[in-house]
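Numbering (the working numbering), first residue to last: 4 to 307. Ideal Cβ placement from N, Cα and C applies to all residues, glycine included.
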């Protein structure tokens, strides 16, 4: 049996105690970037700043930002650094760790994979610390018998274009369109830290439709990987992922078209408009307060 767990920003936010290891939610991200990178995010043209601070928040700001080629380039380079700087806390709660322990306890006939909409690698770091190295493409045999697949269909701070033997030293955005495209990505580790490339990480823009300016062909392949994983899944668990069915059909359409049972942790109203019937179980609204209910759902879902 295979269960696939989809985690979003709410999962990483709720998995840890308040502190520098806790990534911000979308409505906090702009202020955090401005504070961390005043020379780029803090110096954007005022009309772009107004969009970020307006009623439609970060997504509207990113739509405006991509119209300013030079601002976009440096801002995305710094965003790559920002998400690559997150490391696991040395103390306090780690609900990712708790979840992996719970999954491992379900027995050898049970398998699991992850989907992550997050640009940081806190899930993967938690897995690696428990002896489950993540692999993003290829197969588990190449990474070891305890490796676990993680599909990141919106890219990641540790994904860069794989240009083979070619070296690209300088890149530019032209009119907000993609300025480098390759069919393949490579991972540069789980804590890339300081970004020493002139090309930002392959991360979909946090904007409607999640467009890609870096390696869009390769990221599109990750969308296909996600569909294949969901098609093979016997059960699906969703934690802290914002449901944007029309804006992100590549994420949600495979889930809604699946016949697998779904466990959901997040805003209770988020699933109310979808006719999923008895295959949907609302486990709770906040991960940090519904771990017992989550463990019960897992035990009831997986045949013993």
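- Pairing residue 160 with residue 122 gives a Cβ-Cβ distance under 8 angstroms.
- Taking residue 103 as the centre and dropping the five residues before and after it, the same chain places the C-beta of 129, 130, 133, 135 closer than 8 angstroms to its C-beta, in chain order.
- Just so you know, the alpha carbons of residue 283 and residue 111 end up roughly 26 angstroms apart.
- Between residue 30 and residue 151, the alpha-carbon positions lie close to 31 angstroms from each other.
- Nearest neighbour of residue 212 by Cα position, chosen from 13, 49, 66, turns out to be 66.
- Closest in alpha carbon position to residue 217, among 76, 25, 61, 68, is 76.
- Ranked by Cα distance from residue 193, the options 19, 158, 124, 139 are led by 124.
- A buried status is given to residue 232, since no fewer than 16 other beta-carbon atoms sit within 10 Å of its beta-carbon.
- Closest option to residue 22, judged by alpha-carbon separation, among 97, 57, 6: 97.
- Spanning the alpha carbons of residue 18 and residue 57 requires a straight line of approximately 29 angstroms.
- The distance from the Cβ of residue 286 to that of residue 261 is about 18 angstroms, inconsistent with a contact at the 8 angstroms cut-off.
- Bounds of the alpha helix (DSSP H) holding residue 16 are 12-18.
- The residues 286, in chain order, have a CB closer than 6 angstroms to that of residue 297 in the same chain once the five nearest residues on each side in sequence are set aside.
- Using a 10 angstroms sphere on the CB of residue 155, the tally of other CB atoms reaches 16 or more, which defines it as buried.
- In this structure residue 7 touches residue 236 by the C-beta definition: roughly 4 angstroms separates them, less than 8 angstroms.
- Of the other Cβ atoms in all chains shown, fewer than 16 fall within 10 Å of the Cβ of residue 256; this residue is therefore exposed.
- Counted as a single uninterrupted DSSP element, the alpha helix (DSSP H) harbouring residue 98 occupies residues 98-107.
- Excluding the 5 residues flanking it on each side, residue 113 has same chain C-beta neighbours closer than 6 angstroms at 4, 305, in chain order.
- When the beta-carbon positions are compared, residue 33 and residue 13 stay at least 8 angstroms from each other.
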